[in-house]
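For reference, the structure discussed in these notes is given below.
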Amino acid sequence: MKRFKRHGHESQRDRLKHELFQFTKTVEHGFPHQPSALGYSPSLQLMAIGTRSGAIKLYPLIEPIPGDDKLLLINKAAGFLSKKNLFFPLIYFLILPPCLSPSLRSVPDDYVGRRNLEHVEALQENPVNSNQVVIGYGRGLMVVWDLERVICPQQLESMWWTEDGGSILSSHSDGSYCSWSLTGEDDGEEEEKSDIPYGNFPCKAITKIVQLPTAAGPPFLLFSGGMPRASYGDRHCVTVIHSKTQVAFDFTSRIIDFFVVTDEPSALVVLVEEELVVIDLQTEGWPVIETPYLVPLHSSAITCSHHVSAIPLKLWERIAAAGSLQNTHYSKKPWPITGGQNLAPDPPQRDLLLTGHEDGTVRFWDASGVCLSPLYKLSTAPVFHADADPNDNMSQSAEGEWPPFRKVGCFDPYSDDPRLGIQKIHLCKYSGYLTVAGTAGQVLMLELNDEAAEQTVEAKVMDLLQGQEGFRWKGHTQLDVREEPVMFPPGFQPFTVVQCQPPAVVTALALHSEWKLVAFGTSHGFGIFDYLQKNKVLIKCTLNPSDQLAMEGPLSRVKSIKKSLRQSFRRIRRSRVSLRKHHISNNTKVIQEANARLEAELAEMELAPVQRKIEARSSDDSFTGLVRTLYFADTFLSDSSHNTPSLWAGTNGGGVFAYILSVPPVERRADEPVTAQPAKEIQLMHRAPVVGIVALDGHGVPLPEPLETAHDLARSPEMHGSHHLLVVSEEQFKVFTLPKVSSKTKLKLTAVDGSRVRRVGVAWFVSSKAEDYSEVGLVFLTNQGDVQVLSLPHIKMQVRYPCIRREDVSGIASCVFTKQGQGFYLMSPSEFERFSVSARCLVEPRCLLEAPLHPVSPSQRRPQTEEASSEIQKSLEGDQT
Amino acid sequence: MIDRLNNHVIMLPEPLPPGSVAAICPPPLVFLTSCLLCFAEEADYSTFGTDSLTRKKNTVLSAVLLRPDPNKKKPPVIISLPKDFRPVSSIIDVDILPETHRRVRLYKHGQEKPLGFYIRDGSSVRVTPQGLEKVPGIFISRLVPGGLAESTGLLAVNDEVLEVNGIEVAGKSLDQVTDMMIANSHNLIITVKPANQRNNIVRGGVASGSSGRSSDSGLESDEDDEDLVIEVGGEAEGVGRSASDHSVPSLSGSAFSANANGSLRGSSGSLNNANTSSATPSPDRAKERRSLEEEGTVITL
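Protein chains in written order, with our numbering: chain A, 1 to 881; chain B, 1001 to 1301.
And the structure:
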């Protein structure tokens, strides 16, 4: 009977789980990794980008179609296929047979009788007579299908039909292009014009050439490449020539392809390896149009990210206003690629994703909807003396320079100083305070200011060693803070910088904007700083004196790798030397022996099995003192009747330190000091790194964020009934009672399935069936790449979904969770994959593309999949008119 | 032949090397036979060992360590108090495991000696209804000389690891199994298929072959729960757990009564005593306390 009852209860629970949890990978934000092809449909106003991994991504629609970049996209042919209430277009592919044998007149003897005309290099269709297709072959033979043939002296790179169909432009490997007119049926074409735009000296190939007419006036000529080989052979340029204006747009990465949004040439769209740049050709000066999507997230490498849900409108507007002041150099023209319709509802709230970068910038992204668009960019570099002037790299072209270069694009992977790298970010959405911590132990406090301000950033050094002896820091030096006032633009302006000593990378950061305290930790210890009074409140050294690696700083590890590498090389060299010696003795047998020995040695190196040491963790292990997590909580730490502010710190060695904070009341807050007293220390016996600490209120609900209840955005925590402390280590989840820290429940993870907690967050899951039913859960990602949810406060496993490949270590490390059960991780250096564990809260593309109803030309049709072909036919029919 | 059922190997942290004289070492250390688990021809070893254990009433045992070769007489060795003995390893669940498998428990808790072994990926051949099948497996690749794993003699290079604390490792990566073992390192129970199958336990007349889960509650042992909580400025205490969690689980009684001979039964009693007495602070625990005391804190467990 009992069993039966329980079974019934469980199935009800299972049903509830279905309503709460569901795993979906929803959107890919950012710029596709390793793009390889670009296509554009003028009729559908649709752009397609192919990648080396075989994906074809369509913009503005974002449903990917598996494919291959060897396929040729024919612009005019596109169809649509209905699937799951979503319409997404299917690009019409034409695969060229590798050996065409056209029946040509006057084919040079060289080619006659050879069925194989080498590989097809280019293909273009006559815009007025679709029966004419020009095909260019790798060896320089161009064949106009059904018409004529053209032979060029130089290897062919690309071709282009002019708008009237009267002539062909061809570009060549020596940086030249030719214009060929096609007039009737006579015995061939006249080479009308030949030119090497950047001539005199040998030039690189013009890989693509396009000529577009304007309604009145001279045509636009656009081509990629053709730079003088010796002086500018390393530049990646697209040149635009119109009348007397000529600009060589200079990109920071290799050009994949480009196209022009036509009718009147209005915008040049260039796909380069790391970004997409759109240039407004109608506005004077040809400014860049800001991209609403496909933004290179990785313009400087992403080092960390931080998500803030439900930003208050006021703060949002202030950040957006600060951001718009940074984007004045962009064109005012709207985004030119306008195909399809967005059917997605307006996002229910405003979400921010903050990314920290290697060059010391923090970028604010609007993560509310399907498009991850940039809002604002903060640079921390001006606070410090840097080697290079930040204005240097945006050097404008000198007057009269030839070729007329203009730098465009924002991809700049070169960081002047790796110490500027951002490691931790914490934004308080209610107060507008931001704290940012970096690689050289710097912790900046910033405040949002709508006006530009010139101010001195006050630097405070906090020595985390606390007189610990026998320590040698071999790492980088701390950053030099500018002592003179610095002019900061509107936006987040730094007012204080704390510099940890030794200047090790900041590994944990917490901000409490109500108490006006910031806590930070490194591999040596942690501290609390009062940013109102600009005072040190607490310094605690967690360094273990027997921890040699932490004692010596980060370089020793590099050294040991170097050492082992050196040893292996020596070993190889030694065997080679012995080999050579034997060679001199000219004794073949000895050489054979030496060879065999070398081979055996190499085989041993290669075949030595991967093995793992099984050893219990000890307190002497490396980096046990490294601070992994910091947490402010107003809870019961001293006794069960008085709640007090507290700080909790978790270390790599399974230690938890708790401090009672005495924060003076608001009216005396500016005058009286904040103090911290040690209250508790917990040493987890399994010694696994503590990666998360959460205090649960009397109802078992995590405590709200600072100021959240003050702004009436969360109900006040239940202060009656006993609070609990959830300590998340990499291996276990443990709930302790408060204030007497005794173990209540726990859940072992690693001991049971061998996976370890990598990322953890608290999330509220709303039922997909009933909006008023929600549960709070603990979301975590393991080193196996699985996303799992635990119920709170009972820490029962709810669901488990495979999310990331376990080999994708950087993807796993980059994951952040939102408060609604969504998450982001870097699927490549330039792309965030967005996923959701919530059955209700999804941000996914919903879009419609209405395809035209008539075909281009029946002769070009190729069979598609059965159910799609009729649809395509219809759409193709539509394109003709 | 002696049945080897749930034998405990009892060791002191630092056994003297064979042939060393006890008097050289200032504290009276005892070298007990390093391995009670013996081969048939070494039966006299274990008989001696169990004998010495049954005489637990003698507070200080003074015994001559007998070697297999009676010609080599060793000087007398002082054996310390029984409460100083603690289990270091045991074979468990012999009654429910197939004869080809061995479930070994290593008591790392409160010991200086490293576990001391390595594991690797490999492949093994399984018998399935469809015939033989080659499947990936995890194997012991190396034993560290002087480590716990080596000194017990219960594990050997190329033994295939089948389970860690009752959980099958099939389908898990080397790193996962490594993490599982380390997470359980305080009380590690590994089920192996020994590479050398010649020393398997022979169970007279008892039908075997079932690879059931251990009935020994040791698989769910929660010894690691004794997190230290330090009341800074006050007294420290172990995190409260019920007493049952602390005690070392008793040995599988049914296995004993079914198979053990009298002398072994006797030794098991003493072993249980040793187990319970191990709840008193071990030297390592005391050391840990000392190191924490240096930071000005007081701990009571």
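Even glycine gets a Cβ: it sits at the ideal position worked out from N, Cα and C. Owing to the predicted nature of the structure, the values given are computational and were not obtained by experimental measurement.
Going by DSSP, which residues form a beta bridge with residue i?
i	result
A:ASN535	A:ASP530
A:TYR198	Per DSSP, none; premise fails for A:TYR198.
A:CYS847	A:ASN342
A:THR675	A:SER662
A:GLN732	A:LYS748
A:CYS541	A:GLY525
A:GLN455	A:VAL486
B:ILE1189	B:ARG1105
A:LYS407	A:ASP250
A:ALA695	A:LEU725
A:GLY225	A:ILE206
A:THR782	A:VAL757
For residue i, which of helix, strand or coil comes out of DSSP?
i	result
A:PHE215	In the sequence as presented, Phe is not what sits at residue 215 of chain A; that position holds Ala. If DSSP states are grouped into helix, strand and coil, A:ALA215 belongs with coil.
A:TRP365	strand
A:HIS33	coil
A:SER395	Below a pLDDT of 50, predicted positions are generally treated as unreliable, and A:SER395, at 46, falls in that range; no measurement from the model is reported.
B:GLY1112	Residue identity differs from the one stated: residue 1112 of chain B is Glu in this sequence, not Gly. B:GLU1112 falls in the coil class under three-state DSSP.
A:LYS377	strand
A:LEU790	strand
A:LYS17	helix
A:THR283	coil
B:ILE1182	helix
A:GLN12	helix
B:GLN1197	helix
A:ALA600	helix
B:ASP1175	helix
A:VAL837	strand
A:ALA649	strand
A:LEU427	strand
A:LYS460	strand
Spatial neighbours of residue i within its chain, please: CB distance less than 8 Å, with the 5 preceding and 5 following residues excluded, ordered by chain position.
i	result
A:ASN535	PHE529, PRO673, VAL674
A:THR283	SER331, LYS332, LYS333
A:GLN466	GLY525, ILE539, LYS540, CYS541
Which residues bound the alpha helix (DSSP H) around residue i?
i	result
A:GLY811	809 to 813
A:GLU317	313 to 326
B:ARG1126	Per DSSP, B:ARG1126 belongs to no alpha helix (DSSP H); it is in the beta strand (DSSP E), 1117 to 1128.
Residues in the same chain with beta-carbon distance under 7 Å from residue i, minus the five sequence neighbours each way, listed in chain order, please.
i	result
A:TYR198	GLY175, GLY226, MET227, PRO228, PRO403
A:ARG628	THR507, ALA508, GLY650, THR651, ASN652, PRO689, VAL690, VAL691
A:PHE882	Absent from the model: residue 882 of chain A. The displayed extent of chain A is 1 to 881, so no value can be given.
A:ILE255	SER224, HIS236, VAL238, VAL270, VAL272
A:TYR177	LEU169, SER170, SER171, ASP195, ILE206, ILE209, PHE223
A:VAL27	ILE62, VAL370, ARG834, VAL843, GLU844, PRO845
A:LEU897	Coverage of chain A is limited to positions 1 through 881, which leaves residue 897 of chain A absent and any answer about it impossible.
A:GLY233	LYS204, MET227
Please work out which residues of its chain come closer than 6 Å, Cβ to Cβ, to residue i, disregarding the five sequence neighbours upstream and downstream, and give them in chain order.
i	result
A:VAL261	ALA267, PRO336
A:THR355	ILE302, SER305, ARG363
A:PHE251	HIS236, VAL272, GLY409
A:LYS460	VAL498
A:VAL537	ILE528, ASP530, VAL674, ALA676
A:ASP14	none
A:PHE657	ALA649, GLU681
Between which two residues does the beta strand (DSSP E) harbouring residue i extend?
i	result
A:GLU157	156 to 161
B:SER1151	B:SER1151 -> not in any beta strand (DSSP E); alpha helix (DSSP H) instead, spanning 1148 to 1152.
What residue ranges within the segment 469 to 533 of chain A form continuous alpha helix (DSSP H) runs of no fewer than 4 residues, ordered along the chain? Runs found: none.
Complete beta strand (DSSP E) runs within the segment 700 to 729 of chain A (minimum length 3 residues, chain order): You should have 724 to 729.
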